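Novice: Going letter by letter, the sequence shown gives residues 1 to 282 in UniProt numbering. Let me give you the structure first, and then I'll get to my questions.
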Amino acid sequence: MDHSTTDTPKTLAAMAVDVLTTADGRAKTAKSRTYAAQWKAARAAGEIIEIGEATPPDHPARPDKPDLLSPRDVPKRKPGSPAGRIALLHAVAHIELNAVDLHWDIIARFTDVPMPMGFYDDWVQAADEESNHFNMMCDCLEAMDSHYGALPAHAGMWRAAIDTSDDLLGRLAIVPMVLEARGLDVTPGMIKIFQNAKETQAVGCLETIYAEEVSHVAYGSKWFNFLCGRDNIDPKEEFHKLVRHYFKGGLKPPFNEEKRADAGLPPDFYWPLADQYPAHVR
Ligand SMILES: [Fe+2]
Ligand SMILES: [Fe+2]
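See the structure below:
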């Protein structure tokens with residue numbers, strides 16, 4: 001399929017594929033935000049943008065830089081130093097860019113599963129917010145005389161998408177309800193690091209990210225429960241089964257129980273999957 005056309009895509013799935021096949025980060029997020037605005041305007045006006053069908057790429061297009069390394073080869077830097085803080089923001093920028101693609105991918109990949117329009121509203125909204133998160137992280141890096149692409153980044157972040165490419169319940173369990181929920185656990189510590197360094201721009205951006213990520217986890221939980229309810233499946237049992245199947249190594253406490261609760265993730269979903277949970281209660 002030729003993705004080089006500059007025609008405005010007519011369906012939401014085609015918009016998603018256009019974002020996924022755009023390599024440059026800023027160009028990707030610009031398209032993402034434009035399409036999100038078009039979708040929201042159409043929905044507010046009661047107009048219909050068809051969901052349509054399109055074939056998302058196995059891997060989203062990515063810029064030449066950053067180099068993608070296996071996690072054990074990405075150099076560890078101390079967060080107490082300016083270089084360490086740049087590395088931290090660079091890692092967050094990389095996560096956000098992946099998140100943009102993940103949200104557009106869930107829109108385009110599962111169009112064969114009939115879903116209410118609210119499902120698309122939610123992931124368009126999440127993709128729009130991730131695009132802003134990526135742009136904010138780029139702005140912070142540039143204010144610190146760096147940029148996205150200046151450092152190597154983790155390869156393998158698309159692994160979860162590949163593993164769950166034909167399993168919508170699995171995708172919801174792993175991406176928003178495990179990976180994005182993990183973001184809720186670790187972001188307060190990250191904000192502390194930048195507060196201690198008096199890096200106010202980064203603190204402000206990370207606080208926005210922290211606030212908005214709650215809703216992404218909540219969207220995951222909402223649609224996971226919806227699908228389980230539609231198929232008369234026990235959501236907790238299903239979640240445990242899917243996470244054990246797709247996610248190796250167990251979940252890492254401490255958990256941000258308050259924000260997880262805000263996002264509709266009860267403790268009996270995640271505690272039994274923790275890597276430090278007494279074996280007899282598994
Ligand atoms: Fe984000
Ligand atoms: Fe997110």
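Note that beta-carbon positions come from the ideal geometry of N, C-alpha and C, so glycine has one too. No experiment lies behind these values; they were computed from the predicted model shown.
Give a single yes or no on whether Gly183 has its beta carbon closer than 8 Å to a heavy atom of ligand 2.
Specialist: By one-based count along the sequence shown, residue 183 stands at place 183. For ligand 2, at least one heavy atom lies less than 8 Å from the Cβ of Gly183.
Novice: Report the rounded CA-to-CA distance for Pro267 versus Asp7, giving the unit in angstroms.
Specialist: Here residue 267 is taken as the residue at index 267 of the sequence shown, counted from 1. Here residue 7 is taken as the residue at index 7 of the sequence shown, counted from 1. Spanning the two alpha carbons is a distance of roughly 47 Å.
Novice: Using CA coordinates, which residue listed in Leu88, Tyr210, Leu273, Lys236 is at the minimum distance from Arg244?
Specialist: Numbered from 1 along the sequence shown, position 244 holds the residue referred to as residue 244. When each option's Cα is compared against that of Arg244, the closest is Leu273.
Novice: How many whole angstroms separate the CB atoms of Ala153 and Leu206, which I take to be in contact at a CB cut-off of 8 Å?
Specialist: In the sequence shown, counting from the first residue as 1, residue 153 sits at position 153. In the sequence shown, counting from the first residue as 1, residue 206 sits at position 206. Actually they do not touch by this definition, with Cβ atoms about 18 Å apart.
Novice: Ala153 by DSSP, collapsed to three states: which one?
Specialist: Start at 1 with the first residue of the sequence shown, and residue 153 comes out as number 153. Ala153 falls in the strand class under three-state DSSP.
Novice: Buried or exposed for Pro82, going by 16 or more other Cβ atoms inside 10 Å?
Specialist: The sequence position of residue 82 within the sequence shown is 82, counting from 1. Label assigned to Pro82: exposed.
Novice: Go through its chain and collect everything with a Cβ distance to Glu257's Cβ below 7 Å, but skip five positions before and after it.
Specialist: By one-based count along the sequence shown, residue 257 stands at place 257. Same-chain partners within the cutoff: Pro267.
Novice: Beta carbon of Ile49: closer than 8 Å to some heavy atom of ligand 1?
Specialist: Taking the sequence shown and counting its residues from 1, the one referred to as residue 49 is at position 49. No.
Novice: Using three-state DSSP, classify Ala99 as helix, strand or coil.
Specialist: In the sequence shown, residue 99 corresponds to position 99, counting from 1. Secondary structure at Ala99: helix, using DSSP grouped into helix, strand and coil.
Novice: Apart from the five residues just before and just after Gly84, which ones in its own chain have a Cβ nearer than 6 Å to its Cβ?
Specialist: Taking the first residue of the sequence shown as 1, we reach residue 84 at position 84. In its chain, beyond the 5 residues on either side, Arg77, Lys78 have a beta carbon closer than 6 Å to the beta carbon of Gly84.
Novice: With C-beta atoms as the reference, is Glu96 less than 9 Å away from Met144?
Specialist: Within the sequence shown, residue 96 is the residue found at index 96, counting from 1. Within the sequence shown, residue 144 is the residue found at index 144, counting from 1. Contact flag unset, no.
Novice: Between Phe224 and Phe239, which are expected to be in contact by the criterion C-beta below 8 Å, what is the C-beta distance as a whole number of angstroms?
Specialist: The count along the sequence shown starts at 1 and reaches residue 224 at position 224. The count along the sequence shown starts at 1 and reaches residue 239 at position 239. Indeed they touch by this definition, with Cβ atoms about 7 Å apart.
Novice: How far does the alpha helix (DSSP H) with Thr29 in it reach, from first residue to last?
Specialist: Along the sequence shown, one-based indexing puts residue 29 at 29. Counting along the chain, the alpha helix (DSSP H) containing Thr29 begins and ends at 25–44.
Novice: What beta strand (DSSP E) runs, 3 residues minimum, are completely inside the region 149–214?
Specialist: none
Novice: Tell me whether the region 154–166 and the region 223–237 touch, counting them as touching only if at least three CB pairs, one residue from each stretch, are closer than 8 Å.
Specialist: By the Cβ test, the region 154–166 is not in contact with the region 223–237, since fewer than three Cβ pairs between them sit closer than 8 Å.
Novice: In angstroms, rounded to a whole number, what distance separates the CA positions of Thr5 and Leu172?
Specialist: In the sequence shown, residue 5 corresponds to position 5, counting from 1. In the sequence shown, residue 172 corresponds to position 172, counting from 1. The predicted position of Thr5 is uncertain, since its pLDDT is 48 and thus under 50; a value taken from the coordinates is nonetheless stated next. Straight-line Cα distance between these residues: approximately 31 Å.
Novice: When DSSP labels each residue in this structure, what does Leu265 get in the three-state scheme?
Specialist: What you label residue 265 is simply residue 265 of the sequence shown in a count that begins at 1. Coil, per DSSP.
Novice: To which residues of the same chain is Ala99 closer than 7 Å at the C-beta, ignoring the five residues directly before and after it?
Specialist: Position 99 of the sequence shown, counted from the first residue, corresponds to residue 99. Around Ala99: Glu130.
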